[in-house]
Amino acid sequence: MAAAEGTGWVKISATALAIAAVAAIVTGSFFNQKARRLASRIRELEASLAAALEKSASERRGRTRAQQALRNAFTQQSSDGSKQAAASAYPMAPIGTVRSCFSTRNGTPRQPLLVPLARACLVFDAGRVPKEALEGLAEYSHCWILYVFHLNTDLDKLWREPSRSKFKAKVRVPRLKGGKMGVLATRSPHRPCPIGLTVAKVEALDGHALLLSGVDLVDGTPVLDIKPYLPYSDSIQGATVPNWVKADSMLAVASVNFSPDFSSSLSGCWMQAAKQSLYASQDEFQDLIKELLSWDIRSLSQLNHPHNVSMENESHDVARGLEDIGDEETCQILTEKPASSSLGDVIYHLVVEEIDISYRIDDSSNILVEKASSVFSNDRNSCHYYNYTMWKNKLSIQDHSATNLQRVEMQEGRYVQFNRKTG
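Mapping the sequence shown onto the UniProt record's numbering, position 329 (from 1) lands on 329, and the numbers just tick up by one.
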């Protein structure tokens with residue numbers, strides 16, 4: 001009996017051991033298969049990563065080759081047959097467009113900050129400039145603006161056929177009374193690369209729109225870039241300029257006065273203009289006119305040969321005059337009519353925010369502003385949608401933070417005046 005029981009226990013133990021061995025073999029096989037699958041998966045991921053890296057490297061090489069090919073495409077053949085790279089080409093697209101109070105080049109200030117009331121709205125392209133890119137910009141008082149002289153009449157030839165562009169190495173300078181100076185020693189818009197640089201005061205930021213003042217930019221100007229103005233590096237103590245640059249007094253006028261009928265003629269235009277204007281009131285707009293005309297905005301042609309002008313064919317004649325004269329910073333030619341017998345009889349025009357301002361200037365540089373008339377266009381109505389009303393609250397907030405722009409509003413009289421420090 002005891003022997004039988006012992007034999008039974010032996011069989012049970014053997015069976016248990018066999019089961020344990022089988023379980024161990026099965027478990028080992030399972031983990032081996034899992035390890036092989038994991039190893040296979042790792043190899044697949046490594047291969048995928050290697051392929052992705054190679055694709056990225058290939059794309060990078062492709063971009064490099066494309067850039068080199070693009071630059072090579074702009075390589076031009078010189079007259080002696082040797083290859084010369086006229087310039088490495090870096091195609092750029094504007095990041096925004098200026099919506100300015102200056103409807104035409106005529107009257108646009110020759111330099112920035114000369115007319116503190118001159119306002120513009122820089123509207124950024126939302127597809128190229130996300131709102132996050134503008135964060136912190138409103139904390140600066142001023143900014144630099146890089147832009148294109150898009151109204152130059154020789155842009156196409158200058159870029160595509162430089163040899164036929166009739167580019168002038170020297171231009172006539174107003175401060176030299178028509179004397180010529182090397183173009184790169186001036187701020188003429190007619191340059192080898194027609195890019196402009198200006199500085200403006202930052203008034204307010206709203207979404208993709210930046211309100212600026214003290215501008216010298218015509219409406220529709222394409223902007224390539226903006227950078228904050230840094231006084232510690234951008235303001236150079238002891239910087240010097242040639243003597244002829246210091247002769248600003250010759251561009252200033254003796255006085256600016258308004259005729260008794262001017263206010264009523266402006267009132268007739270203001271009801272429509274106010275809907276799209278960057279100015280709070282008719283009185284503030286009149287202050288802008290006075291600031292603009294405090295500088296003699298006439299071209300060399302008008303200074304040397306005073307003549308009546310008409311707005312009828314302004315665009316054509318401005319374009320023609322730009323190529324022929326090449327004044328510094330801006331050239332302002334209007335349609336000629338037979339010259340009057342007296343300088344004070346010559347009528348000039350200044351178009352600001354689609355309002356045509358007629359004025360006379362005598363031989364003592366005294367200006368009489370006579371009347372205003374509307375010259376509204378559908379194009380401006382469709383695109384100039386940033387007006388004073390949209391900026392009113394933004395400007396009020398900044399006024400309370402003690403900026404240079406001080407807002408005084410009298411609700412009963414519906415009068416709003418902006419007072420700037422000019423220092």
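Here a beta-carbon is modelled for each residue, glycine too, at the ideal position from N, C-alpha and C.
The model shown is predicted, which means the values in this text are computed figures rather than measured ones.
Residue range of the alpha helix (DSSP H) that includes residue i
{"i": "W159", "result": "155-160"}
{"i": "S301", "result": "300-304"}
Extent of the continuous beta strand (DSSP E) run through residue i
{"i": "K371", "result": "366-374"}
{"i": "H142", "result": "142-148"}
{"i": "L134", "result": "Taken as a continuous stretch (DSSP letters only), L134 belongs to no beta strand (DSSP E), as it is neither H nor E."}
{"i": "H349", "result": "348-352"}
{"i": "C121", "result": "119-124"}
{"i": "I357", "result": "355-361"}
{"i": "S100", "result": "96-100"}
{"i": "residue 438", "result": "Only positions 1 to 423 of the chain appear in this structure, which leaves residue 438 out of reach."}
{"i": "G196", "result": "195-206"}
{"i": "K177", "result": "Note, K177: premise wrong, no beta strand (DSSP E); not H, not E."}
Counted within 10 angstroms of its Cβ, other Cβ atoms place residue i as buried (16 or more) or exposed
{"i": "A90", "result": "Correcting the residue type first, residue 90 is Tyr in the shown sequence and not Ala. Exposed, by the Cβ-count rule."}
{"i": "I25", "result": "exposed"}
{"i": "residue 439", "result": "The chain is shown only over 1 to 423; residue 439 falls outside these bounds and no answer can be derived."}
{"i": "A18", "result": "exposed"}
{"i": "C193", "result": "exposed"}
{"i": "D345", "result": "exposed"}
{"i": "Q276", "result": "buried"}
{"i": "A20", "result": "exposed"}
{"i": "F149", "result": "buried"}
{"i": "P338", "result": "Low per-residue confidence applies at P338: pLDDT is 41, beneath 50, and the placement is therefore not dependable enough to give any value."}
{"i": "E46", "result": "exposed"}
{"i": "T186", "result": "buried"}
{"i": "F30", "result": "exposed"}
{"i": "G136", "result": "exposed"}
{"i": "A50", "result": "exposed"}
{"i": "N313", "result": "Since pLDDT at N313 reaches only 43, below the 50 mark, its modelled position is unreliable, and the value read off the structure follows with that caveat. Classification for N313: exposed."}
{"i": "N106", "result": "buried"}
{"i": "L288", "result": "buried"}
{"i": "G62", "result": "exposed"}
{"i": "A280", "result": "buried"}
{"i": "G214", "result": "buried"}
{"i": "L278", "result": "buried"}
{"i": "Y386", "result": "buried"}
{"i": "S79", "result": "Low confidence applies to S79: its pLDDT is 42, below 50, so where it sits in the model is not reliable, and the reading given next is rough at best. Result: exposed."}
{"i": "I297", "result": "buried"}
{"i": "Q77", "result": "A caution first: Q77 carries a pLDDT of 43, below 50, which makes its placement in the model unreliable, though a value can still be read off. Burial call: exposed."}
{"i": "S301", "result": "buried"}
Cβ shell of residue i (< 6 Å), same chain only, five flanking positions each side left out
{"i": "W391", "result": "A204, L211"}
{"i": "T104", "result": "V351"}
{"i": "R128", "result": "I95"}
{"i": "L217", "result": "V98, S100, A120"}
{"i": "S255", "result": "N366"}
Other residues of its chain near residue i: CB distance less than 8 Å, five sequence neighbours each side excluded
{"i": "N393", "result": "none"}
{"i": "W295", "result": "P109, R110, L114, V115, L251, A252, V253"}
{"i": "V245", "result": "R175"}
{"i": "N152", "result": "L158, P189, H190, P194, L322"}
{"i": "D324", "result": "Residue placement at D324 is poorly supported in this model, since its pLDDT is 35, which falls under 50; the coordinates still yield a value, given next. For D324, where only same-chain residues beyond five positions count, there are no Cβ hits under 8 Å."}
Own chain, CB closer than 7 Å to residue i, minus 5 neighbours either side, in chain order
{"i": "W144", "result": "L197, V199, I226, K227, Y229"}
{"i": "L368", "result": "N257, S259, Y359, R360"}
{"i": "M181", "result": "K170, V171, V173"}
{"i": "Q282", "result": "L266, S267, W270"}
{"i": "E207", "result": "According to the sequence shown, residue 207 is Gly rather than Glu. Same-chain partners within the cutoff: K131."}
{"i": "R60", "result": "none"}
{"i": "I12", "result": "none"}
{"i": "T240", "result": "none"}
For residue i, the nearest candidate out of the options (CA to CA)
{"i": "G220", "options": "S29, G28, S100, L300", "result": "S100"}
{"i": "H349", "options": "R41, A52, G96, F102", "result": "F102"}
{"i": "A138", "options": "I12, L151, L122", "result": "L122"}
{"i": "K201", "options": "P189, H142, T240", "result": "H142"}
{"i": "R191", "options": "R160, L155, F124, G214", "result": "L155"}
{"i": "K177", "options": "S13, L303, P231", "result": "L303"}
{"i": "L292", "options": "L117, C269, S13, R60", "result": "L117"}
{"i": "A274", "options": "Y388, T15, V223", "result": "Y388"}
{"i": "L224", "options": "Q33, T15, Y147, R61", "result": "Y147"}
{"i": "S263", "options": "A372, A57, Y140", "result": "A372"}
{"i": "F124", "options": "A209, A14, R160", "result": "A209"}
{"i": "A93", "options": "I236, P222, S365", "result": "P222"}
{"i": "P231", "options": "Y140, S56, Q272", "result": "Y140"}
- What residue ranges within the region 211-296 form continuous alpha helix (DSSP H) runs of no fewer than 4 residues, ordered along the chain? As far as the region 211-296 is concerned, its whole alpha helix (DSSP H) runs of at least 4 residues are 231-234, 262-273, 282-293.
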